[in-house]
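Residue numbers (the working numbering): 42 to 578.
Virtual Cβ for every residue (Gly too), placed ideally from N, Cα, C.
Notes to accompany the following structure.
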Amino acid sequence: MVYRLNSEIMNSKKSNASMGKHARIDSPTPKAQETPAPSISTPTPRGGYQPMSSAYAPAGAEIGGSPFANKKAIIIAAIVAAVLVLIYSGVGVFFSSHFYPGTTIGSVDISMKSGAEVRQIIDDAVSQYTLTVEGDGLEFSITSAEAGASLDSASLVRQLLKENNPALWPAGLARGHDLAESMALTTAGGGLGDLVRSHVEEFNTTAIPSEDATLAFDEATARFVIVPEVYGTAINSDAVVELVGEAVAAMESSVTIGDDELIKPEVLEDDERIVNACKAANVMAGTNVTFTVAGTSAVTLAAADIAPWVVVGEDYSVALDQNAVSVWADAAAGKVNTYGTTRTYTRGDGKTCTVSGGVYGWIADKETLVANVTEYVQQGTVGTFEMPMSQTAASFTGVGSADWGSRYVDVDLSEQYARFYDGGGTIWESSFVSGKPDPEMATPTGVYVLNGKQSPSTLIGSMVPETGEPEYETEVQYWMPFVGNAVGFHDASWQPSFGGTMYADGYGSHGCINLPTDMAASLYSIIAAGDVVIVHN
């Protein structure tokens, strides 16, 4: 059988040799060295036959293995695996308390350093930390102590080592690690903010402040214009506090202040709000009104007057400052009010006289004037209007001039003589006796009007406290009062004479103008309520 198998192998080899010149030709009988020695674990079969060499075994034939060799291989493999596990675990344990190679904190290399060593490095870095702040002309430094900065290095190191993930240390070895972002300082209280603000505020004392675009009145054009915004050099302290706070937390060595930290104008010249405000203000500035008194131009209202009244609100609404309008109305009234003022005039006989006081004259109606002006300005009115008055007079040529027209009674105390003018001519005149020359009895000066007339009439003096009776009670035929109902013209038949110095020689009245009876009668017949009476020295 063996032979037959070998003959088949040989035939196979011959067949192989015939296929090419490189085929090996073997003898039919295998050489002794080509027959494998029997295995020590395989017994020789009975019959004297040798086992067939595996080299000549047919394909697919099962070959027996050594159980001892297999066990040994398993043991060796287990030992190797155990050693590898021990090595892997040992390295993992090491990196649970040490940092991987290639690990840095910023520019500081902490490769293979223990947690304790890194903690000391962190503590030293925090204690020596200084931040430099500079830019836009401002420069200062802050130490960690000044900032009140601190860092819990023990907790941080524990967390960082935990993040090492030592069970996967091969992956950790394969890449670098920068732990700078983990370095986050904390600051206690508001000390850092206060310190930064003090530096910024000191800088801002000499800085140029930014300004919003504003409205201004251009006198040359009598129009409102937009003044462009101004970009200054003042710095926003809140922005710097935030910037510095972030830099300190990240332990940055420096931080630069840029344009973002400057205080910028909030309203620019092309802002729709200020553009519309300018238009509204110019409507007001377009007002041009002339106020007249008795047909005479007295007061004008124009852009230059109105400009200071224009108020632009926070919402850029445009309104008038009513206090300013009221002040202007007072000034305007002062240009037309003649009531109680000193007036100089030339009397019909050519004498220049001056009179002060009294109750006659123009008085502007301020309340109505303010209302009218407000309406005119808001609408940008152009025109001429009569000044609203609460009291009028006969004419107006300006404050300080006669405003009573051509019909008036002139009572000259210095001459003790009275004249009634009408239309430039004298229609009545007479000497008189005026009040005694003392403060209580003197005839009051001023411009008055006749309040009425009565004939006959009883004149009753003031009550005497001691007696409870009037000081006097006198019957007259003609009574023509012009200072209330207390002082006026009347006949005085008891006077021995009139004119001259009678008033100072003991014959003076209690203030009235004493007239001869016939002259009183004549005056009574032509004077009327409302006629002007001028009493002067």
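Three-state class that DSSP yields for Asn-205 in the structure shown
coil
Would you mind sorting Thr-438 into buried or exposed? The rule is 16 or more other CB atoms within 10 Å of its CB.
exposed
Check Asn-492 in the structure and name its three-state DSSP category.
coil
Using alpha carbons as the reference points, say which of Asp-559, Ala-372, Val-359 and His-240 lies closest to Asp-610.
Residue 610 is absent from the structure shown; the chain starts at 42 and stops at 578.
Report the three-state DSSP secondary structure of Thr-297 (helix, strand or coil).
strand
Just the Cα atoms here: how many angstroms apart are Pro-84 and Pro-108?
Unreliable placement is indicated for Pro-84, whose pLDDT of 46 sits below 50; the coordinate value is still reported in the next sentence. Their backbone Cα atoms lie some 16 Å apart in a straight line.
Is Ser-168 buried or exposed, if buried means 16 or more other CB atoms sit within 10 Å of its CB?
exposed
Just to confirm, are Ala-188 and Val-281 a CB contact at a threshold of 9 Å?
No; because the gap between Cβ atoms is not below 9 Å, this pair is not in contact.
Look at the Cβ atom of Val-352, then the Cβ atom of Leu-342, and state whether they are nearer than 9 Å.
No, these two residues do not count as a Cβ contact at 9 Å.
Determine the DSSP secondary structure at Asp-165, reduced to helix, strand or coil.
helix
Give a yes or no on contact between the stretch 500-510 and the stretch 386-403, applying the rule of three or more CB pairs nearer than 8 Å.
no
Tell me, please, which residues DSSP counts as bridged to Asp-559.
Beta-bridge pairing links Asp-559 to no other residue.
Cβ separation of Tyr-380 and Gln-432, assumed to be a contact under 8 Å, to the nearest whole Å
6 Å
Spatial neighbours of Gln-495 in its chain, beta-carbon cut-off 6 Å, leaving aside the 5 residues before and after:
Trp-520
Is Phe-135 closer than 9 Å to Ser-152 when the C-beta atoms are compared?
no
With respect to the alpha helix (DSSP H) encompassing Pro-522, which residues constitute its N-terminal and C-terminal limits?
Segment 520-524 is the beta strand (DSSP E) holding Pro-522; no alpha helix (DSSP H) there.
According to DSSP, what are the bridge partners of Pro-511?
Met-504
Roughly how many whole angstroms lie between the Cα atoms of Ser-278 and Glu-242?
7 Å
Assigned exposure category for Glu-512 - 16 Cβ within 10 Å defines buried
exposed
Alpha-carbon to alpha-carbon, Asn-526 and Ala-533:
So the alpha carbons of these two residues sit roughly 17 Å apart.
Run through DSSP, which three-state label would Thr-246 get?
coil
Quick check: the Cα distance between Ala-123 and Ile-116, rounded to an integer number of angstroms?
Ala-123 and Ile-116 have their C-alpha atoms roughly 10 Å apart.
Should the stretch 325-333 be called in touch with the stretch 418-428, which here means at least 3 C-beta pairs below 8 Å?
yes
Taking Cβ to Cβ, would you say Lys-552 is nearer than 9 Å to Val-528?
The sequence shown places Gly at residue 552, rather than the Lys named in the question. Closer than 9 Å, so yes.
Quick check on this structure: which residue in Ser-566, Ser-185 and Ala-326 has the alpha carbon closest to the alpha carbon of Gly-232?
Ser-185
Quick one, are the C-beta atoms of Val-271 and Glu-293 less than 9 Å apart?
no
Give, in chain order, every unbroken run of the beta strand (DSSP E) that is at least 3 residues long and sits entirely within the stretch 214-275.
As far as the stretch 214-275 is concerned, its whole beta strand (DSSP E) runs of at least 3 residues are 255-259 and 264-268.
Here's a check: name, in chain order, each residue in its chain whose Cβ is nearer than 7 Å to the Cβ of Ser-155, leaving out the five neighbours to either side.
Here the set comprises Ser-138 and His-139.
Check the C-beta distance from Thr-176 over to Gly-375 and give it rounded, since I have them as a contact under 8 Å.
The identity of residue 176 in the sequence shown is Gly, whereas the question assumes Thr. With 8 Å as the limit, Gly-176 and Gly-375 do not qualify as a contact, their Cβ atoms being about 58 Å apart.
Buried or exposed, going by whether 16 or more other CB atoms sit within 10 Å of the CB of Asn-317?
exposed
Thr-144 - DSSP class collapsed to helix/strand/coil:
strand
Identify the continuous beta strand (DSSP E) that holds Trp-369 and give its terminal residues.
Not the beta strand (DSSP E): Trp-369 falls in the alpha helix (DSSP H), residues 363-377.
Check Leu-309 in the structure and name its three-state DSSP category.
Coil, per DSSP.
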